[in-house]
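Heads up, my numbering is the position in the sequence shown plus 140, with the first residue counted as 1.
In this text, a Cβ means the ideal position worked out from N, Cα and C, and glycines have one as well.
Only a predicted model underlies this, so the values are computations on that prediction, with no experimental measurement involved.
Right, one structure below, let's go through it.
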Amino acid sequence: MNLAKIRQKVQNREAREQAVEAERVSLDAPPLEAPSLQVAAAPSPVAADDRPSVADTAVAVMPESRQNPLPRRARHIDPLDIILAGRAAAGCDDDLPLASEGQVVAEVSEYEEILCFRISDEIYGINIMELKEIIKPRETTEVPRAPVFIMGVISLRGVIIPVFNMRERLGLPLGDRTGRERIVIAKRNEGFTGLLVDEVIQVVRIGKEGREPAPAVLEGIDRDFVCGIGRTDTMMIILLNVASITDINLC
């Protein structure tokens, strides 16, 4: 064995011994401490009896409407209740009596409104439903070969209207003009007729009990022109038949 090999073995042995020594030192060294981390303190333990159960937690979280899931019933609202509630809020607690439909019809049919006017010395009347308007006398245009009671025609807003002298029409004597004469425009079929009267008095209401049939005998007037007699507390009214009065064929 030469000197080089001996030296090599010695170096190898020393290297192994150093390695063993280094390993022994690493095993004897204390372990490195891990960096400290701050951890939040755990909550104090709660007794088993004090812990909320899952069911209690669910009840606390669930809204009150879901705790008792009962079937919901639709609320019926009466419109009359709403109206009455609004009247009460407005201070209208006292209800006014309302007439039934039958009562309204009865009230309308129990009376009629009559326009009263004077011709000569008598009071005559026509249902206002058969009238259009009342105007002052105006100049008329004569119509050739017309009946004597037709004074002529006038133009009222472009409509030609014949005018009857009611004294002549009823066979009454003529009188002097007073300035209170009026022309009553009455409805006739699809047109109108003017009736010259001495004076317009008023409109009165006549009920069934205040109306009588036309008498069998009338002085100075054709019975065909009369449809009845109306009575009020202050006057007697001869009710004229407009259809007959305005018919020029009845003379």
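> Excluding the five sequence neighbours on either side, which residues of its own chain have a C-beta within less than 8 Å of the C-beta of Pro185, listed in chain order?
Replying inline: Here the question's residue 185 lines up with position 45 in the sequence shown. The predicted model places Pro185 with a pLDDT of 48, which falls under 50 and marks its position as unreliable, so this point remains unresolved.
> Grouping DSSP H, G and I as helix and E and B as strand, with all else coil, what is Asn381?
Replying inline: Taking the sequence shown and counting its residues from 1, the one referred to as residue 381 is at position 241. Correct three-state label for Asn381: coil.
> What are the uninterrupted segments assigned as beta strand (DSSP E) that are 3 or more residues long and contained completely in the stretch 256–290, given in chain order?
Replying inline: 262–267 and 271–275
>> Considering only the alpha carbon of each residue, which of Leu255, Pro302 and Leu380 lies closest to Cys367?
In response: What you label residue 367 is simply residue 227 of the sequence shown in a count that begins at 1. Comparing Cα positions, the closest option is Leu380.
> Helix, strand or coil: how does DSSP classify Asn389 here?
Replying inline: Residue mapping note: residue 389 aligns to position 249 of the sequence shown, counting from 1. It is coil, neither helix nor strand.
> Which residues mark the beginning and the end of the alpha helix (DSSP H) in which Glu308 is found?
Replying inline: On the sequence shown, residue 308 is found 168 positions in, with the first residue counted as 1. Where Glu308 is concerned, the enclosing alpha helix (DSSP H) stretches over Met306 to Arg309.
> Which same chain residues, not among the five before or five after Met291, have their C-beta less than 6 Å away from its C-beta?
Replying inline: For the purposes of this step, residue 291 is taken as residue 151 along the sequence shown, with counting starting at 1. Thr280, Val303 and Asn305.
>> DSSP three-state label for Gly370, please.
In response: Mapped onto the sequence shown, residue 370 falls at position 230. In the structure shown, Gly370 falls within a strand segment according to DSSP collapsed to helix, strand and coil.
> When the Cα atoms are used, what is the spatial distance from Ile377 to Ile346?
Replying inline: Here residue 377 is taken as the residue at index 237 of the sequence shown, counted from 1. Here residue 346 is taken as the residue at index 206 of the sequence shown, counted from 1. Looking at the two C-alpha atoms, the distance is approximately 10 Å.
> To which residues of the same chain is Ile300 closer than 7 Å at the C-beta, ignoring the five residues directly before and after it?
Replying inline: Taking the sequence shown and counting its residues from 1, the one referred to as residue 300 is at position 160. Taken in chain order, the residues that qualify are Val293.
> Given that a residue counts as buried once 16 or more other Cβ atoms are within 10 Å of its Cβ, and exposed if not, what is Ala155?
Replying inline: Residue mapping note: residue 155 aligns to position 15 of the sequence shown, counting from 1. Result: exposed.
> DSSP on Arg153, reduced to helix/strand/coil?
Replying inline: Counting from one through the sequence shown, the residue named residue 153 turns up at place 13. Here DSSP, grouped into helix, strand and coil, assigns Arg153 to helix.
> Whose C-beta lies closer than 7 Å to the C-beta of Arg309 among residues of the same chain, with five residues either side of it excluded?
Replying inline: Position 169 of the sequence shown holds residue 309. Taken in chain order, the residues that qualify are Phe289 and Ile385.
> In its own chain, which residues sit with a C-beta less than 6 Å from the C-beta of Val343, not counting the 5 before and 5 after it?
Replying inline: The sequence position of residue 343 within the sequence shown is 203, counting from 1. Here the set comprises Glu253 and Leu255.
> Can you give the Cα-Cα distance for Gly403 and Gly350, rounded to whole angstroms?
Replying inline: Nothing about residue 403 can be reported from this structure: the residues present for the chain run from 141 to 391 only.
>> If distances are taken between C-alpha atoms only, which option among Ile388, Glu321 and Ala326 comes closest to Asp338?
In response: As a position in the sequence shown, residue 338 is number 198, starting the count at 1. Per the Cα distances, Glu321.
> In three-state DSSP terms, what is Glu161?
Replying inline: Translated into positions along the sequence shown, residue 161 becomes position 21. When secondary structure is reduced to three states using DSSP, Glu161 falls in the helix class.
>> For Gly265 and Pro284, I'd like the C-alpha separation in whole angstroms.
In response: To locate residue 265, count along the sequence shown from 1; it is residue 125. To locate residue 284, count along the sequence shown from 1; it is residue 144. So the two alpha carbons sit approximately 30 Å from each other.
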